[in-house]
Each structure stands twice: as C-alpha cells, then as structure tokens.
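Below is one structure, written out as structure tokens, with a few remarks after it.
Chains as they are written, first to last, in my numbering: chain S, 82 to 387; chain L, 82 to 387.
See below:
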C-alpha cells in the first residue's frame, strides 16, 4: 500500500529558549516522512534547490523513505526562520524565502500515481488539487492547509475539500476556515463541506477526530521537556497516515488508533530540534509509547460506569 | 460518608455574549453542592448576608443539600460581577463586593466535623487551615485556591499543601504556584510539596490527574453550545468528590472515574447560566453522559496496540 506525501522540503532556522538551529532539515514532507517511516515505507514528492544537503535526506532513506520524487532544480531551497516565545506557545516568523518552492508544480513519478494513502501537506490548494488529478485510485486522501491559503485561496480550498476524505488542521485554522470559534461547530461545518472526517490538532492539548455524530479525543503525551514544536503537526500526520497505510484500513477503529500513533509521533517531534527527536526511536519504543497513551486515557471500568 | 464543602455562597452577575444574569445563585460552595448532590448528599458551610435569597437555596435542598451550615449574618452578601469575551476564553471582573464574606470564620456544625470527604473551596488559606483543624478524621481532603492567595498568602498556602491530599486548580494557577510554565513539571512540583495527587483543570481542554509517576487525562465534553463558564471548576470538583463519597474509595481507579464525573458536571455547568445547566438532569442522564465520555476517549484495542 503506497503511502505518498506531497509537501515542502525546507531548510529551517529555529530559535527557542533552549537552543537554535540553522538551515536544518525541515518542511512538512520531511517531518511527515521521518515519522511515517517508523510504520510504513513512504514516498516523498517535493522540490529543492541546488543548495540542499540532499545527502542528509539520503541518510534517512534506509528508514524506508523514497526521496526519488524530490526534484532538484537550479536556485535556492525553501528557507524558513522562526522564533518561539519563552513557553513555546507562540512563534514569530522572522523570514520566509520561497526560492524554488515558488515554482513547485508537483509531478508524480509513475509509482506514486498508484498511491493508496495520500497526504497533501500544506501547499497552495491549486497544487493539492493537481496532485489529486494525478493519483489514480486512492483509498484515503488527507490534506492540511494554513491561514494564508484560507485567506488568499478560499474558493480553491473549498473545491479541494469536496475531493478529500479528511482535513487535518490546527484548531486556529479550523476556526478561521469555518468562522466559528467553537471547535466542535467548526468541525461540523467542515464535515458539511466534503470531508468525511476532520482531525483538529490542539498542540499540547492533543487532537480531536470528528466524524458525523461521533468524536474522539487523544491528549498530548505528558512531556516535562519540549524543545522545538516545529513540524509536530506534520509528524502527527505522518504517524496517523503511516499507521493506516500499514494496516490498510480506514474504519473508525483504525482511525482512532491512528490518532494515537499520530500523537506519539508528535511527542517525539517536539523532543528534539528539526528531526532529531526521532533519532534512536525503535518500533519497540513506539509501541511502548502507544501503550502509555492507552494508560493515560484509560477509564477503569466499574459496575456503574461505561 | 459525609461530604462537606466549605466555600463562598455568592450572588453573581454575569455578562456573556449569550445573555446575562443579575444577583443569581453563585459561589464555589453552591456550584459544588448542586453538582455533588446528583451523586451524594452534601453539607455546605458558608456565610451569607441578610439580603440572600435563602429560599432559592432551600429549593435545592431536596436534592440532598444540607444548607444548615450556612450562617446568615447582618450585612450584604458576597457579590461578584464579571464579563466574558466573545469566545468565553477570558473574563474581566467588573466588581467584587465581599460584604459579610470578609469576616467569614468557618465554624463546622457537629455533624460536619465527622466529614470523610472534604472540599476546601477557594477561600483564604488561613480559613482552609482552620477548617482542617475542625475536621476529626477525613479520608480525603481536596482544596482549591486562586492567584490572589498564591500571591498574597504563599507561606500559608504552602503549609496547607502539606496537610491536604489533593490540590485541584486551573492550569494558570498551577503555573503561577510552581513558577513553571510546563504543566507536567508544575504538577510534579506540587506533588513534591505535600499533596499525593493534583488535579489540573484546563477548561475546554479537559483536566489532568497527576499522581507520582502516572498521569490521566479526561477531555471536556464536546459541546457545540456553551453559555456561562462561571462555576464549571467547582461543579467539576463537586462531581469528583461526590463520586468518591458515594463509592467511599480513594484508589487510583476510583479517582480516574471521579474525573469523568467531574468533567460531566463541568459540561452541565457551562450549559446554562448560574446553576440552571443542572435543571432536569437526572441520574440516568448523568450515567449516559459518563458513558459518552468512555466512547469519547476509547482507543479500540488491536493485536498490535495496548
């Protein structure tokens, strides 16, 4: 079951109270792929400039990441520079240089067109639609977006929503898209516009899976140390989609378990800068963390409950 | 198993985007008692002025609330006036008039001294200590506090912490008390100062039960309509303590189930102004809502999970 992600492959410079990085591996497709590959092989489609340290990507290939769909073209790679507040609750973008990403026109290699599980990372909704046109018969398509596209390409985004199975966004994005501050009403508003499911990520407060008439909540892993929130949402998506691709299933029970894998990946992601939080994480570690989530949320049964 | 709450009995005037109240039933002890009484009889100790509509309290007595420990003295009752933001995420205090509450010196009636389950609502920690001095042999004492006491009576509060089994506060209060923005470190900091357990309430994001080496999270009930957050935390405490008193148990499994009852009561509380969210709520309704929480958090088991 081919798992495909289309998104940014970037160089991030991040400042937090606990340290900083310069031109480190970043971008939605990279964070997604590193997480997903703990569960299932993943193909990446993206674009980089001639300055990209492709060798660093290739070093991750043995995990099961196929970078062959990442085009290398003349020019500068996408760069993002940001600074987080003392409590990591907010961040300021210091610089965005699109470089070759500005002319990104995703072209799927033959093998990627047969992908069954597709994640459309946060890129221009027109490009997300063009990816959908190239995929022959997907079983589950999930997409992300951001406030910039909600404001500047709303009509295209609404077209996209009609064609995806799932929207996976932050709570602030769900609120902005729907125009409703109540997150459950916002979720229902989105369900009414196409997707059969909505995942709303709430950072340190976990994430919601909203389906018609039924909601599931997974908390974030209780971490006493958080170093860098960058990419946590994409790592969540990677865990979520990686689990579904591995199990080749899209029913509610599997989606709920996929939420746990997503939350686990989010917790690894924030535990280190760029993708370092995943260093040394084995499948056994992941399964243990997943079991920890089961305990974290477990309501012990009793005669008069449940 | 006597359940006792000591706290404020107030008249609240609340403005929200959805309506307003004037001199309506309020105060921590009132919100606590109305919620707890759905599960177990509850005794209230507090103080009101001659202007208090005691008949309105008495109308709630058939639920199993014993108001006989509420002293009536000459003067004005405690009044609070507040205004919520459009999304109910923040509020501004417009007026606080302590009235007779300023001279409150809790004096437990004989029956209350034998209380086994004791909730010390948010009052001066000196008074909370004086209540503890009057209780003969409690099985579980939980207490609340607020930023005002954390700032003005820190030493007394730290003495109190050594003598209670559980602190139950908002996340902002846990952060201020510990001086740590990471909520899990803040929880551990509190555990190191006396209480064996900490409950940290996170509003629309649910609540955490932090024990040494183990954490439990319960989300908030997914509500599409929220009218008035006032008293939700006290209603949570009422559900939590009411369940423990009913079951007469304080082990981890019961505490986790108590968290569910607390969250259920919080959801009723915010669904109406003052205590109106509880009108018409039966035990059967409550049990159904509790079962809904079980589904909301249920991670379906699979061979490779759990």
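In this text, a Cβ means the ideal position worked out from N, Cα and C, and glycines have one as well.
(1) Which partner residues does residue 172 of chain S have in the DSSP bridge list?
(2) At the level of alpha carbons, what is the spacing between residue 241 of chain S and residue 374 of chain S?
(3) Using a Cβ-Cβ cut-off of less than 8 Å, list which residues of the stretch 300-321 of chain L approach chain S; keep chain order.
(4) Does the distance from the C-beta atom of residue 342 of chain S to that of residue 141 of chain S stay below 8 Å?
(5) Using a Cβ-Cβ cut-off of 8 Å (strictly less than) and excluding sequence neighbours within five positions of residue 304 of chain L, which residues of its own chain qualify?
(6) Is there at least one Cβ from chain L nearer than 8 Å to residue 383 of chain S's Cβ?
(7) Under three-state DSSP, which class holds residue 149 of chain L?
(8) Rounded to the nearest angstrom, what separates residue 125 of chain S and residue 354 of chain S at their Cα positions?
(9) Please classify residue 249 of chain L: does DSSP put it in a helix, a strand, or coil?
(10) Taking the alpha-carbon of residue 153 of chain S as reference, which of S/97, S/167 and S/90 has the nearest alpha-carbon?
(11) In its own chain, which residues sit with a C-beta less than 7 Å from the C-beta of residue 103 of chain S, not counting the 5 before and 5 after it?
(12) Taking only beta-carbon positions, decide if residue 245 of chain L is within less than 8 Å of chain S.
(13) Which of the three DSSP states is assigned to residue 354 of chain S in this structure?
(14) Would you please verify whether the beta carbon of residue 380 of chain S is less than 8 Å from any beta carbon of chain L?
(15) Considering only DSSP beta bridges, list what residue 388 of chain L is partnered with.
(16) Give me the Cα-Cα distance between residue 388 of chain S and residue 187 of chain S, rounded to the nearest whole angstrom.
(17) Of all the CB atoms in chain S, is at least one closer than 8 Å to the CB of residue 334 of chain L?
(18) Quick one: what's residue 202 of chain S bridged to in DSSP?
(19) To which residues does DSSP link residue 127 of chain L through a beta bridge?
(20) Grouping DSSP H, G and I as helix and E and B as strand, with all else coil, what is residue 378 of chain L?
(21) Count the CB pairs spanning the stretch 168-183 of chain S and the stretch 192-203 of chain S that are closer than 8 Å, and state whether there are at least three.
(22) Give the secondary structure of residue 387 of chain S by DSSP, where H, G and I count as helix, E and B as strand, and everything else as coil.
(23) Have a look at L/222, L/278 and L/239 and flag the residue whose alpha-carbon is nearest the alpha-carbon of residue 230 of chain L.
(24) What residues in its chain sit with their C-beta under 8 Å from that of residue 182 of chain L, if we drop five residues either side in the sequence?
(25) Would you tell me roughly how many angstroms separate the C-alpha atoms of residue 299 of chain L and residue 289 of chain L, rounded to the nearest one?
(26) Let me know if residue 382 of chain S comes out buried or exposed under the rule of 16 or more other beta-carbons within 10 Å of its beta-carbon.
(27) At 3 residues or longer, and completely inside the stretch 236-306 of chain S: list those beta strand (DSSP E) runs for me, N to C.
(28) Name the chain L residues whose beta carbon is nearer than 8 Å to that of residue 185 of chain S?
(29) Can you tell me whether residue 369 of chain S is buried or exposed? The criterion is at least 16 other CB atoms within 10 Å of its CB, across all chains shown.
(30) For chain S, find out if any of its Cβ atoms is closer than 8 Å to the Cβ of residue 386 of chain L; answer yes or no.
(31) Determine the burial state of residue 310 of chain L: buried for a count of at least 16 other Cβ atoms within 10 Å of its Cβ, exposed for fewer.
(32) How should residue 155 of chain L be labelled, buried or exposed, when 16 other C-beta atoms within 10 angstroms of its C-beta is the threshold for buried?
(33) Which residues in chain S have a C-beta closer than 7 Å to the C-beta of residue 296 of chain L? List them in chain order.
(34) Which of helix, strand or coil does DSSP assign to residue 117 of chain L?
(35) Residue 286 of chain L touches chain S at which residues, Cβ-Cβ below 8 Å?
(36) What does the alpha-carbon distance come out to for the pair residue 236 of chain L and residue 252 of chain L?
A quick look at the data gives this:
(1) S/165
(2) 33 Å
(3) 300, 303, 304, 305, 306 and 307
(4) Taking 8 Å as the cut-off, the beta carbon of residue 342 of chain S is found no closer than this to the beta carbon of residue 141 of chain S.
(5) 348, 351 and 352
(6) Residue contact check for residue 383 of chain S against chain L: a CB pair falls below 8 Å.
(7) strand
(8) 21 Å
(9) strand
(10) S/90
(11) So the qualifying residues of the chain are 94.
(12) no
(13) coil
(14) yes
(15) In the structure as shown, chain L begins at 82 and stops at 387. Residue 388 of chain L is therefore absent and cannot be evaluated.
(16) Nothing can be reported for residue 388 of chain S, as the shown portion of chain S is limited to 82 through 387.
(17) yes
(18) BP columns for residue 202 of chain S are empty, so no partner.
(19) L/151
(20) helix
(21) Using a C-beta cut-off of 8 Å, the stretch 168-183 of chain S makes no contact with the stretch 192-203 of chain S, since fewer than three inter-stretch Cβ pairs fall below that distance.
(22) Because residue 387 of chain S carries a pLDDT of 43, less than 50, the predicted location of this residue cannot be relied on, and the following value inherits that uncertainty. Secondary structure at residue 387 of chain S: coil, using DSSP grouped into helix, strand and coil.
(23) L/239
(24) 89, 91, 128, 158 and 159
(25) 7 Å
(26) With fewer than 16 other CB atoms across the displayed protein chains lying within 10 angstroms of its CB, residue 382 of chain S is exposed.
(27) Listed in chain order, the beta strand (DSSP E) elements of length 3 or more contained wholly in the stretch 236-306 of chain S are 247-251, 278-282, 288-292 and 295-299.
(28) Neighbours of residue 185 of chain S on chain L: none; closest Cβ ~36 Å, over 8 Å.
(29) exposed
(30) At residue 386 of chain L the pLDDT is 49, less than 50, meaning the model places this residue with poor confidence; the figure from the coordinates comes in the next sentence. So, interface residue.
(31) buried
(32) exposed
(33) Near residue 296 of chain L (Cβ distances below 7 Å), the residues of chain S are 303 and 377.
(34) Looking at residue 117 of chain L - three-state DSSP - the assignment turns out to be helix.
(35) 283, 286 and 287
(36) 20 Å
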